Amino acid sequence: MSDAGLAVTQTRFALRGYMRDSSALVFTALFPVILLLLFNAIFKGTTKFDGRDVPSGAYYTASIISYVITLVSFGSLLSRITTARERGLLKRFRGTPMPSWVYLVSEIGRTVVVVYATVALLVVVGAIFYQVHLSAHLLIGLVCYVALGVTCFCALALALTGACKTADSASAIGPLAATILSFLSGVFIPAFLMPTWLIDIGKVFPLEHVARGLQSAFLIAGSTGVNVVNVGVLALWAVVALVVATRSFRWEARGPGAS
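When you read off a place in the sequence shown, starting at 1, and then add 42, the result is the number in my numbering.
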């Protein structure tokens, strides 16, 4: 079997394990839907985006999609890989005849499938309950930003594994970072309600550009939301993260008791 075939097979095994984990299914599939319902119950009617009144339902559909991209691509991947390393699974996997990169590709492949499936569910909920109007422009922007966001945050997860010495630290850092960035990036709270200095801080990080791009695609008729600034910032973060990952990634346990 070719290396590519091995990667596909390993990805299939990773997805099968995910499907058997009921708690993971509930967390990644139902939790975002519950968030979408809660935010739309609290912020009813309309909100503001770029100075114009827009439907809250469409705004929060785009926003929760960006949160899911961050939480799954960054938080979950960071936790899984760090946990596998600290349990010695990465070291054992690297000792097999299979190329070591196959494991990482399979975990990223699993992440991509889970993210796109969850995003599709949120879009369906938004279209049915919150009058999200699907269009070619919206779908182009959606596919573009999901792909860019997953690439960027997966790279960041790989880069940060080098700084996480225990599985517990990785499990805490991922969700915490996703939540804090969501408040800074106009995901949970519309930007017009936030102080300017907080918005400026948010613009430094990739989630703001994923969220703003998706919000533009969902809220501005005829717009994909794709622009040079958003794409450039996400690409820059991804490249820097990949460079750091190549230098800091470790296959052997780093925590207490590691040999």
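Beta carbons are placed, not taken as given, at the ideal position from N, Cα and C, and that holds for glycine.
Only a predicted model underlies this, so the values are computations on that prediction, with no experimental measurement involved.
Between residue 49 and residue 144, the C-beta spacing is below 8 Å. Per DSSP, residue 268 is not a residue of any alpha helix (DSSP H), being assigned neither H nor E. Residue pairing by DSSP puts residue 91 in a beta bridge opposite 94.
In the displayed model, residue 247 falls within coil according to three-state DSSP, outside both helix and strand.
When DSSP states are grouped into helix, strand and coil, residue 63 belongs to the coil group.
Closest in alpha carbon position to residue 266, among 114, 216 and 176, is 176. Taken through DSSP and simplified to helix, strand or coil, residue 74 comes out as helix.
Counting only the Cα atoms, residue 107 lies some 21 Å from residue 122. In terms of Cβ geometry, residue 75 and residue 167 form a close pair [threshold 8 Å].
Of the other Cβ atoms in all chains shown, fewer than 16 fall within 10 Å of the Cβ of residue 173; this residue is therefore exposed.
Out of 284, 126 and 280, the CA that lies nearest to the CA of residue 208 is found in 126. Around the Cβ of residue 81, a 10 Å sphere holds 16 or more other Cβ atoms; the residue is buried.
By the Cβ test, the segment 246-261 is in contact with the segment 96-110, since at least three Cβ pairs between them sit closer than 8 Å. Nearest in C-alpha terms to residue 187, of all of 210, 83, 169 and 277, is 277. In the displayed model, residue 52 falls within a helix according to three-state DSSP.
By the CB criterion at 8 Å, residue 224 and residue 109 fall inside the cutoff. Secondary structure at residue 148: helix, using DSSP grouped into helix, strand and coil. At a Cβ-Cβ threshold of 8 Å, residue 148 and residue 53 count as neighbours.
Shown here, residue 206 sits in coil according to DSSP, grouped into three states, outside any helix or strand. Between residue 73 and residue 220, the C-beta spacing is not below 8 Å. If you draw a straight line from the Cα of residue 90 to the Cα of residue 63, it is about 39 Å long. For residue 239, the number of other beta carbons within 10 angstroms of its own is below 16, and it is reported as exposed. For residue 128, the enclosing alpha helix (DSSP H) starts and ends at 119-128. Beta-carbon to beta-carbon, residue 194 and residue 280 are separated by about 4 Å, close enough to satisfy the 8 Å threshold. Taking every protein chain shown into account, the CB of residue 98 has 16 or more other CB atoms within 10 angstroms, so this residue is buried.
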